[in-house]
Structures are given as C-alpha cells and as structure tokens.
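Below: the structure, in structure tokens.
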C-alpha cells in the first residue's frame, strides 16, 4: 500500500458509537485504520471515505465472510466543488458514494470515494455487484464520472445525443438561465438518426444460423408498459431471446430540482416520485429533513402520518392489483379495485383536501389536524375493504387459468433478488423477511401490531398474493391508528417546524418577522448529511440529503425501489414468452416516475 | 301480369327475406357493440355509454357517424390491395354463413342446402384469411404476431370444430341445418351430444376470436394485433364483423344443439331469438369473467383435450347409431 490516502484519519468532532461498529473495526483491522476516513453524519450508518485504489479490495472484502453485505443498496455521486462547510472532510471535487445494506443483520455502511475533476475515473464494481450496472451508468450520465471496465457505459436517463452532465453544479437548473430553445431541420434530422435502432448497439445479434430474429419495440407507448417504458425485445417466434429495458422517458430531474427548492417547497415534488404513493413519498423526505433539523415529532403527528401512509399503500396496491389482473387478461377486476380506491380517496380527500398528491406532510408534522368526523370515514372504509379482498382472492387467485398463467412463472429466489437490489413485496415474495417497518422502524411503526406477510416461490402468483396480504396488514395498522389516536399537537414545537405555528406569529413584531422569513426563505438547516429509508409501496425508498447550511438542499439523492426492479427484467425473461413478459412486468409494480425521477 | 307467376313471386319473397336477414344480422351485430358495453358495465359496477339518447340507446348512431367521418387511413408502407380486402373478407364470409341458418319454419335464405354445415365451416375457414391478410398487409410486427397467432389458433381449432359436429350429422343423417332442427322436435341435441356441444362451444369462441381466445388481438400483449393499423370504416368492419360472428355462432349453437325454433307456446321466431340472445349474453359474460390463458396453452388444450374428446364423442355416437340402425 502506498502513502496514506487521507491527511487526517479522523474528523474533528469524533462521535462515539458508529466508528466502533464491528464492520468499521473489521475494515480497520484488515486494511489499516489510516486507509479510511470516518465521517460523522446523521445518516444512521458509518460513513467511510476510501481511496479509489482501495475500492475494489474493500468491496470484495465486504462481499464475503462474516462481514458480508447482502445488497448494494445505492450508488451515486456528489459534485463537491461548491459545497460550503466541508470542515474535516477529505479533499474532493466529486465523490461517488456506495451504500451497502445488510438486511438480515441490520447494519449498513456508506463508502465514499473522493475524485478530482482532472481525473474522474474509478473502477467499476459491476463484477462484484451486478446491480451497480445501471447505477454507474446513471452516475456517468449525471456527473461524467467514468467507471473503468464498465460493460456498457452509456447514457441511461438522458437521450444519447445529450451534451453535458446535468447534476454537475455548473449545469444550470432553470430554463431562464438558457437561451430560448431552438431546433433546426438539421438538428431534427440528427436527432431522428440517433433514434434509429441498431441491434448491435443494444448488444444483440440479428440472427443465428439461417434464422433472423425479430426485434420488437415494446413501448414507450404500449398498453401494458405501465408508463413511458420501453423494452426492446429480440424474439424468436414469441420466445424472448434477449430484451433490453430502456428508461429515461419520464425523467424530470427531480434530484436537480431538490437543489433549487427550499427544504419546505420541495415536498410537493416528492409526491410525484412514486405517483401512486401520495404522502408515502413525503415521509422519507420529511423524516430525513427532521433528522437534519433535530426535530422530534409529536406522537399524534407520527400516528397521523402512519395512518395516511398506509392508506396510500392500499390505494397503490389496489391499482397494482387491478392492472396486474388486467395484464393477465381479466378485464373486470380493475373496475372493482378502482371502486375500492375511490372509497379510500374519499377518506384521503376529507383528511388532506387532495386525492393523489396531497403534499400533506410538513417539516415537523402535518399540514392540518384531522378534521371532525374523520374516525367515522375511516371506520366505514375498514368495514368495506376486507370482504372485497376476499372476493379478489376467490375470483382470481383460485381461478385455474390465472394460476396456470402465474404459478412458477418468472420466479426468482432470495439470493438473486438481493443481488439485483430487489426490495419490498417483490423481495418478501421469495420468503426473505425484511420489512423496514419492522427491522428499521421509523415514525413510530414499532408501536403497531402487524405481521409481515411472506411467500415462498417468488413467482408472479406470489407477488400478487403479497399485495393482498399487505393490504390486510395495512388495514390492521389503520384500525390501530383509529382506536389509539394520541391527543396532542399535529406539529412539533420547534423553531424549524415549517410553517411555524400561526398563533405564535401573532404575538409581536419579532415573531412575525421570524415567521415571514421562514415561510419566504424557508428554514435554514445546519450542514450535515442525513438519510431515511422507508418501506414504501413498492419497496425500499430513501432520501439521502446533504445540507451545506443553506435554505436549500446541496444534494438530494432519491433511491427508489422500481429502478433496480426494472434492471432485473432481462436476467429473468430470457427464454420466456411474450405473454409471460407482460405478466411479469405487471407483477413488478413499478411506475416510471419512480424509476426515472 | 303474365310474368308474375308463382315461381317469380317465390323468388321475390326469397330475395326480400335474404335482404332482411342480412340487414337484421348486421344491425344486430352493430347493436351488440352497444349491448356488450352496457352489459359489461353493469357487471363491472359502472354505467357504460349512457349519454346519447335515452339510456344511451343512440350510442350506436353516434359511433357510426364518428366512424364514417374518420379519416380512412392506409399506411403508406402497407400492401394496399390486401389491406382493403381484409375487412371485406372478414365481414363478407360471416354474413354469407348466415345463409344456411334456418330462423323459423318459414324464414331462412338457403337453409335446406344439402351441405349447409359444410358451407358454414368453409366460411369459418375462409374467415381466417381476413386476419392473415390484415396482419400481413399492415407491415407491422404486432399485426404480424397477431396474424400468426390467429392462423395457428384457427388451424388447431377448426380441426375439432368440424369433428364436434359430426356426431349430430351421424345421428340426423344430413348436413342440412333445417333437417337438424326438425330432428330435434322431441329432444334437443345437447342431451345426446353433450360433449359435442362443449367442444363446439369452445371452438366457436376461438373461431370468432372472442375472449379468452382473443389471442390474435390480445390488447395487453400485442396491442390489438392484426387490426392495429386500421381506422375508420375499415376498422369498423372488423369490429362489426366480430359481433356478427358472435350472432352467427350463437344462432348455430341454437340450431344445432338447442332445437332451433322449437319451443312451447311462443311463436317459433321468438324462441329462436330468445335462445340466440341467451348465448350472445353468455359470450359477453365469459369476456367479463375470465383471464386470458397463454396462447401456447390454448393450442395444447385444443390438441390434447378437445380433439380426443370430439373423437371419442364421434366414436360413441357411431356405435349408438349403428346399434339403432335397422338390421339389413
């Protein structure tokens, strides 16, 4: 090993605890403590800086033995060049961070690799973690960081003709910072040409022996693509020889927007990440912000949040269920599930004032208290749902044609699921017991009595069954919220609660000014990093926020469950039939807004 | 008025009958599109088209107007002749097949044709050309896959479509549908030919590409398959052709297995209409309730279950017919 990569091996205000974690100690022992730099954050996991030369060795070490991690949970970059308050951090102009998760053990770890603009290269980890493929492509796309040895380092979210790397700090975020957009005929022709399909560019051959393959463009507009999602299929008859998912058609730059919205005004953007998840999306974001702000949320607010989040889990699962049956060819159930969704939305609308995207959670609580009569509405819904769920099971899951279409089709086991970053019901369908509400409780989930449904086969049938069982458990949680709703405030009594309580504004001029500043500029959060993982409707969703002491986030990283789920499709579907692919795509339960952000 | 002999009057009556039957068949087919949407919506807890006219009854007129005024687009890359021919074949063969259906003792176009049943099967066989032409002429991969599925499915199902009816033919001793109806004045064929009925029902659904055998147009998989490039009236002909097809096979089920116009009290025509309407609703109900099997399973079901069943049925019928035959 060469000279010490970091000038200081420890930060200035060394905390007690996380640097004593067994995995950190094991790394120190194996590689030497001077090879790492421990960073103190609010992410809830040890954060170690590691030099690029050591990265592969460390990753290999963390993949096997007693300290093995099961999943590469997230990977992305940060442009550090404009970051204020980097005290105690190693020098870097860019960083790439890797979040490793040990779901059965309960320890997580973040590794950060510092890079400099003059040499933005580091080795790929795709050979160690297959799921890194798309993440590394996205990091290259967004930051221009090259992963040496990556098999297919191409743009993934942006079009192939795009210039620049959008998440860099010198890349403008607002349309007003640009000249008006124009496209000449030549530009248009060039763009059209770039869209031409060349099988070789997608890693496909045109034929084998004396037979030609058929290339079928499935999407981005297809009734069963569940959004603007494209899969290029290489077909031999109706057998899928190979397929390549193509994403990015729904990319809005949600992470970039996080860098120009105040901590408060970003909340409505989160609703639209998983657009079926409503306030469920607000939850990881506000929890992460509250960690940064040091706000302790009152029990009533926590319970209201849990209740509304579970309502959205039910509406999301109902949408899943209807379209899942529909894609297996049953046209009727979707109308029934939409009726049920409507019943849920009646409650949601009465409580939040909005249906799909209420943006209803606030930093430090919720937007309002529960309205008068909410309990009656919730009770009505709780009485309505169970018999409907039983009906779906009877009509579909016990139907011979349905079972023939789904049993044993597109099945994967736990090992494969973890390798590909699959989480949520799709992971639990393989029999692996990880539910963030149980294993990493947040927002008071530890106080609720519910079970985590599990299946064993990990096939299309099980993924459907999982959703029905999960809805039953969500109903249980909602019922407990209804019966035990704590009294008290729906907002924390904290200076950073946004918007601050209105009564206090009226006291005197000083409180009025404070109120005004906090509503117009938004709250100012201390420099730090925080991360919150939740069990969202579709799997593990987390917000990794970096504050550099400003009114806005310095970097907002949104890890969504659907992204790795789509990456897994080709591994599973090679050799399958087109109708099976449709059924599998329906059983994943993704929305493209969640994938592309 | 010397030319107005009895023969000429017969011809005129026959022509008027034929025209009326054709028009009624087409109108009922078109009305089916409305009835199906309303019936489905009732089963699915919703309203369906209920805005045009009282209870939506004028929806059909609105749809027809829209379809006539839509741009009748032919893709520039399509094979134009076949593209235009396909919907004509689709609608034409089905309407022609109506010729052999006896509606009541006095109504019917050519219902005593000695090869009536064979004529229907020939038309059903020709009907697949519509799908093949459409799929081939569209120069669209989804349409092509749909056409391939249609031909594979039709080949598999036509085999026992014919065989399932041979039991009846053996019993009655005639291919004429009028003879078959008259044979059933005491006992409907569904009783002695139950397996023939079951297999014919399955094959009939497959022949008119109705759910769950709508593999050639499976929307979720191949986005409407063979008629994906069609619009306006050409698409309308496929659409109405499908419903006329439902009417046809419902009428055939009634004629072959449920005694045709036979029934107590009510006039023969009413019995025929009621029975046919029952099967048409049955087709809609099937669509509302079943998921779609995978298409290779549809094939193997046809070859491995239905075909042996029809053969056994034919064998058993043959034994019975021979046993009952007067000794020579």
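Residue numbers (our numbering), protein chains in the order written: chain A, -8 to 588; chain B, 39 to 366. We treat Cβ as the ideally placed atom computed from N, Cα and C, and that holds for glycine.
>> I'd like the list of long-range same chain contacts for residue 576 (chain A), defined as Cβ closer than 6 Å, with 5 residues on each side in sequence excluded.
In response: The sequence position of residue 576 (chain A) within the first chain is 585, counting from 1. Counting only Cβ-Cβ distances below 6 Å, and skipping sequence neighbours, we find nothing.
>> Residues in the same chain with beta-carbon distance under 6 Å from residue 548 (chain A), minus the five sequence neighbours each way, listed in chain order, please.
In response: Your numbering for residue 548 (chain A) matches position 557 in the first chain. The residues are 67 and 535.
> Is the beta carbon of residue 538 (chain A) less than 8 Å from the beta carbon of residue 516 (chain A)?
Replying inline: Against the first chain, residue 538 (chain A) aligns to sequence position 547. Against the first chain, residue 516 (chain A) aligns to sequence position 525. The answer is yes: Cβ separation under 8 Å.
> Hey, does residue 331 (chain B) have any beta-carbon neighbour from chain A nearer than 8 Å?
Replying inline: Sequence index remark: in the second chain, residue 331 (chain B) carries index 293 (1-based). By this cut-off, residue 331 (chain B) is an interface position.
> Do residue 152 (chain B) and residue 95 (chain B) have their C-beta atoms closer together than 8 Å?
Replying inline: Counted from its first residue, the second chain places residue 152 (chain B) at position 114. Counted from its first residue, the second chain places residue 95 (chain B) at position 57. Contact: no.
>> What does the alpha-carbon distance come out to for the pair residue 133 (chain A) and residue 167 (chain A)?
In response: Stepping through the first chain from its first residue, residue 133 (chain A) is reached at position 142. Stepping through the first chain from its first residue, residue 167 (chain A) is reached at position 176. Rounded to whole angstroms, residue 133 (chain A) to residue 167 (chain A) spans 21 Å at the Cα level.
> Interface residues of chain A around residue 48 (chain B) at Cβ under 8 Å?
Replying inline: Here residue 48 (chain B) corresponds to residue number 10 of the second chain, with the count starting at 1. Ordered by position in chain A, no residue passes the 8 Å Cβ test against residue 48 (chain B), which lies about 48 Å from the chain.
> Who are the neighbours of residue 321 (chain A) on chain B, taking C-beta pairs under 7 Å?
Replying inline: As a first step, residue 321 (chain A) is located in the first chain; it is residue number 330 there, counting from the start. Under the 7 Å cutoff, chain B gives 328 and 329.
>> At the level of alpha carbons, what is the spacing between residue 367 (chain B) and residue 185 (chain B)?
In response: In the structure displayed, chain B extends from 39 to 366; residue 367 (chain B) sits before or after that span and is not available.
> Is residue 250 (chain B) close to chain A, meaning its C-beta is less than 8 Å from at least one C-beta of that chain?
Replying inline: Here residue 250 (chain B) refers to the residue found at position 212 when the second chain is read from its first residue. Judged by the 8 Å Cβ criterion, residue 250 (chain B) is in contact with chain A.
>> Nearest by alpha-carbon distance to residue 546 (chain A): which of A:53, A:74, A:52 and A:28 is it?
In response: The sequence position of residue 546 (chain A) within the first chain is 555, counting from 1. Residue 546 (chain A) has its Cα closest to that of A:74, out of A:53, A:74, A:52 and A:28.
>> Please tell me whether residue 158 (chain B) and residue 345 (chain B) are closer than 8 Å, where the distance is taken between their beta carbons.
In response: As a working note, residue 158 (chain B) is residue 120 in the second chain. As a working note, residue 345 (chain B) is residue 307 in the second chain. Contact flag unset, no.
>> If you reduce the DSSP assignment to three classes, tell me which class residue 2 (chain A) lands in.
In response: Residue mapping note: residue 2 (chain A) aligns to position 11 of the first chain, counting from 1. Low local confidence applies: a pLDDT of 42 at residue 2 (chain A) is under 50, so the model's placement there is unreliable, and no value is given.
> Quick one, are the C-beta atoms of residue 75 (chain B) and residue 67 (chain B) less than 8 Å apart?
Replying inline: For the purposes of this step, residue 75 (chain B) is taken as the residue at position 37 of the second chain. For the purposes of this step, residue 67 (chain B) is taken as the residue at position 29 of the second chain. It is not a contact, given that the beta carbons lie outside the stated cut-off.
> Between the beta-carbon of residue 242 (chain A) and the beta-carbon of residue 148 (chain A), is there less than 8 Å?
Replying inline: Position 251 of the first chain holds residue 242 (chain A). Position 157 of the first chain holds residue 148 (chain A). It is a contact, given that the beta carbons lie within the stated cut-off.
> Under three-state DSSP, which class holds residue 349 (chain B)?
Replying inline: If you number the second chain from 1, residue 349 (chain B) lands on position 311. The answer is helix: DSSP assigns residue 349 (chain B) an H, G or I state.
>> For a contact defined as C-beta to C-beta under 7 Å, what are the partners of residue 261 (chain B) on chain A?
In response: Locating residue 261 (chain B) in the second chain gives position 223, where the first residue counts as 1. By Cβ distance, chain A contributes 213 and 214.
> Is there contact between the region 326 to 333 of chain A and the region 221 to 232 of chain A, where contact requires at least three CB pairs shorter than 8 Å?
Replying inline: no
>> If contact is defined by three or more beta carbon pairs under 8 Å, each pair taking one atom from either stretch, is the region 262 to 272 of chain B in contact with the region 106 to 126 of chain B?
In response: yes
>> Just to make sure I have the definition right: I need the residues of chain A whose C-beta is within less than 8 Å of the C-beta of residue 341 (chain B). Which are they?
In response: On the second chain, position 303 is the one that residue 341 (chain B) refers to. Those do not exist, as residue 341 (chain B) stays about 16 Å from chain A at its closest Cβ, beyond 8 Å.
> Which residues in the same chain as residue 441 (chain A) place their Cβ atom closer than 7 Å to its Cβ, once the five residues preceding and following it in sequence are excluded?
Replying inline: Here the question's residue 441 (chain A) lines up with position 450 in the first chain. Here the set comprises 464, 467 and 468.
>> So, does the region 271 to 289 of chain A touch the region 472 to 482 of chain A, judging by three or more C-beta pairs under 8 Å?
In response: yes
> Taking 8 Å as the CB-CB cut-off, is residue 81 (chain B) touching chain A?
Replying inline: For the purposes of this step, residue 81 (chain B) is taken as residue 43 along the second chain, with counting starting at 1. At least one chain A Cβ lies under 8 Å of residue 81 (chain B).
> Relative to the alpha-carbon of residue 132 (chain B), which residue among B:246, B:353, B:267 and B:315 has its alpha-carbon at the smallest distance?
Replying inline: Walking along the second chain from the start, residue 132 (chain B) turns up at place 94. When each option's Cα is compared against that of residue 132 (chain B), the closest is B:246.
> In its own chain, which residues sit with a C-beta less than 6 Å from the C-beta of residue 125 (chain B), not counting the 5 before and 5 after it?
Replying inline: Here the question's residue 125 (chain B) lines up with position 87 in the second chain. Hits under 6 Å: 272, 275 and 276.
> Out of curiosity, what's the CA-to-CA distance linking residue 102 (chain A) and residue 30 (chain A)?
Replying inline: Taking the first residue of the first chain as position 1, residue 102 (chain A) is located at position 111. Taking the first residue of the first chain as position 1, residue 30 (chain A) is located at position 39. Looking at the two C-alpha atoms, the distance is approximately 10 Å.
> Along chain B, which residues have their Cβ under 9 Å away from the Cβ of residue 396 (chain A)?
Replying inline: Along the first chain, read from residue 1 onward, the residue named residue 396 (chain A) stands at position 405. Ordered by position in chain B, the residues that pass the 9 Å Cβ test against residue 396 (chain A) are 329, 330, 331, 332 and 335.
> What does residue 325 (chain B) reach in chain A if we use C-beta pairs closer than 8 Å?
Replying inline: Locating residue 325 (chain B) in the second chain gives position 287, counting from the first residue. Chain A residues near residue 325 (chain B): 322.
>> Quick check: the Cα distance between residue 248 (chain B) and residue 318 (chain A), rounded to an integer number of angstroms?
In response: Counting from 1 along the second chain, the entry for residue 248 (chain B) is found at position 210. Counting from 1 along the first chain, the entry for residue 318 (chain A) is found at position 327. So the two alpha carbons sit approximately 17 Å from each other.
> In terms of DSSP beta bridges, what is residue 105 (chain A) paired with?
Replying inline: In the first chain, residue 105 (chain A) corresponds to position 114, counting from 1. Residue 105 (chain A) pairs with A:86.
>> Quick check: the Cα distance between residue 50 (chain B) and residue 44 (chain B), rounded to an integer number of angstroms?
In response: One-based indexing of the second chain puts residue 50 (chain B) at position 12. One-based indexing of the second chain puts residue 44 (chain B) at position 6. Computed Cα separation, rounded: 10 Å.
> CA-CA distance, residue 27 (chain A) and residue 11 (chain A)?
Replying inline: By 1-based counting over the first chain, the position of residue 27 (chain A) is 36. By 1-based counting over the first chain, the position of residue 11 (chain A) is 20. In a straight line, the C-alpha of residue 27 (chain A) is about 14 Å away from that of residue 11 (chain A).
>> I'd like the ranges of any alpha helix (DSSP H) spanning at least 4 consecutive residues and lying wholly in the region 403 to 491 of chain A.
In response: 405 to 410, 416 to 419, 427 to 430 and 451 to 474
> Excluding five sequence neighbours on each side, which residues of the same chain lie with their C-beta closer than 6 Å to the C-beta of residue 358 (chain A)?
Replying inline: Locating residue 358 (chain A) in the first chain gives position 367, counting from the first residue. The answer, listed in chain order, is 351.
>> By DSSP's criteria, residue 299 (chain B) is part of a beta bridge. Which residues make up the other side?
In response: Taking the first residue of the second chain as position 1, residue 299 (chain B) is located at position 261. Note: residue 299 (chain B) sits in no beta bridge, so no partner.
>> Cβ closer than 9 Å: which chain B residues qualify as neighbours of residue 205 (chain A)?
In response: On the first chain, residue 205 (chain A) is found 214 positions in, with the first residue counted as 1. Per Cβ cutoff of 9 Å: 179, 182 and 183.
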